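Written out below as structure tokens is the structure these notes cover.
Structure, rendered in structure tokens:
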């Protein structure tokens with residue numbers, strides 16, 4: 034039986050990649066909600082400051098600066114969005130973990146007694162079972 038601790042004992046790089054991928058996904062998904070929040074506040078400031086043009090101008094300048102910051106964040110992260118680096122990172126993590134599981138599964142299967150392979154299974158059955166089980170995980 035495979036121990037979960039045994040499979041996951043070497044995950045330092047995977048955890049670092051997960052952190053980078055998570056930050057990339059957050060950066061990719063956060064500009065639209067931020068823009069909508071700032072735009073809503075801007076529209077509300079028009080209604081609440083309709084009689085005071087100076088205060089309305091101050092609010093518009095403030096939200097224009099916020100829009101500029103959101104735009105700068107989008108521009109800075111555009112290389113990650115175009116290349117989908119965070120998706121690549123998650124695929125890399127998945128392939129690393131599935132490779133570890135396949136190796137451990139094969140080691141467990143090969144630790145069987147020799148008569149098991151002579152009478153019970155063929156080589157193709159072992160390979161098929163490893164691939165089928167790995168896909169199901």
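In our numbering, the protein residues as written are 34 to 170.
The C-beta atom is built at its ideal place from N, Cα and C for all residues, glycine as well.
On a predicted model such as this, the values are computed, not experimentally measured, just so you know.
Beta-carbon to beta-carbon, residue 117 and residue 54 are separated by about 11 Å, too far to satisfy the 8 Å threshold. Of all alpha-carbon atoms in 146, 144 and 139, the one lying nearest the alpha-carbon of residue 157 is that of 139.
In the three-state reduction of the DSSP assignment, residue 117 falls in the coil class, being assigned neither a helical nor a strand state. By the neighbour-count criterion, in which a residue is buried when 16 or more other Cβ atoms sit within 10 angstroms of its Cβ, residue 111 is exposed. When the beta-carbon positions are compared, residue 64 and residue 107 come within less than 8 Å of each other.
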